[in-house]
Amino acid sequence: MMTVPIVIAFEASGFGRGSYPVEVGFSQRHGEGWCSLIRPEHDWNLWDEIAAGLHQIPREILVANGNPARIVAEQLNSQLDGYTVYTDGWVHDYILMARLFEAAACSPNFRLADLREIISPQQESLWQATKIQVEDELNLARHRASNEARILQLTWLRTFDACRILH
4 MMTVPIVIAF
14 EASGFGRGSY
24 PVEVGFSQRH
34 GEGWCSLIRP
44 EHDWNLWDEI
54 AAGLHQIPRE
64 ILVANGNPAR
74 IVAEQLNSQL
84 DGYTVYTDGW
94 VHDYILMARL
104 FEAAACSPNF
114 RLADLREIIS
124 PQQESLWQAT
134 KIQVEDELNL
144 ARHRASNEAR
154 ILQLTWLRTF
164 DACRILH
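For the sequence shown, the positions run 4 to 170 when the working numbering is used.
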């Protein structure tokens, strides 16, 4: 029996080399969300205005209100201990997670996996239309990591259920 996956999402300072996590959020198995802003480390300098336009989190807010990497890493480890956690942007999110945990001088005690590992071809055929429907229904005003994780989780759940009904 498949259980609802825990889904995680990161927001970043930019795209590619030199980018760092500015926010991380996840949606637990029963939909409970968790999110944290991340204070930039002293050597995290890249700031891409296009990325900032997507997440709409000013760097000044991160500096003033973000949690230190160590605290965020400890919270993630505390809440996700032993779980496999899924993301739709594994390569990018793995790098962001590694930067976070490197700055925190610890290692994740959960596994980050690609959401595609648990999406069947039947689910994939329904994915985009279902995701758009979920986004429309949730009508979330802000693009935040925990909201993105919840959208992905609900999309997975609805496509999974739809495929079960069809068989």
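We put the beta carbon where it would ideally sit given N, CA and C, even for glycine.
Only a predicted model underlies this, so the values are computations on that prediction, with no experimental measurement involved.
Can you pull the DSSP bridge partners for residue i?
i	result
Arg114	Thr87
Ser30	Val10, Gly36
Just the C-alpha distance for residue i and residue j, rounded to the nearest angstrom, thanks.
i	j	result
Ser39	Gln126	30 Å
Arg145	Ile168	33 Å
Trp93	Asn150	17 Å
Cys109	Arg73	8 Å
Glu120	Thr6	14 Å
Arg102	Cys166	37 Å
Asp51	Leu79	26 Å
Glu63	Ala55	12 Å
Ser22	Leu141	29 Å
Which first and last residues belong to the beta strand (DSSP E) in which residue i is found?
i	result
Ser39	36 to 40
Are residue i and residue j close, meaning C-beta to C-beta below 8 Å?
i	j	result
Leu129	Thr162	yes
Phe13	Asp96	yes
Leu49	Gly17	yes
Val75	Leu115	no
Asn112	Gly69	no
Pro8	Gln131	no
Smallest Cα separation from residue i: which of the options?
i	options	result
Leu99	Gln59, Phe18, Pro24, Glu120	Pro24
Ile154	Ala76, Ala15, Lys134, Ile168	Lys134
Ala106	Cys166, Arg42, Glu120, Gly28	Arg42
Phe104	Ile122, Glu44, Glu63	Glu44
Ile11	Val27, Ser123, Glu120, Pro124	Val27
Pro124	Arg114, Ala101, Trp159	Trp159
Ala152	His33, Gln78, Arg102	His33
Ser30	Cys166, Ala165, Arg147	Arg147
Gly36	Leu83, Asp139, Ile122	Leu83
Ile122	Gln136, Asp164, Ile53	Asp164
Asp46	Ser81, Gln136, Val66, Gln59	Val66
Locate the alpha helix (DSSP H) running through residue i, then write down its first and last residues.
i	result
Trp130	124 to 141
Gly56	52 to 58
Ala107	93 to 107
Glu120	Element bounds for Glu120: n/a, residue is neither H nor E.
Glu44	Premise fails: Glu44 is in no alpha helix (DSSP H) and is neither H nor E.
Ala67	62 to 68
Give a yes or no on whether 8 Å exceeds the smallest Cβ distance from residue i to chain B.
i	result
Ile121	No chain B appears in this structure, which consists of one protein chain only.
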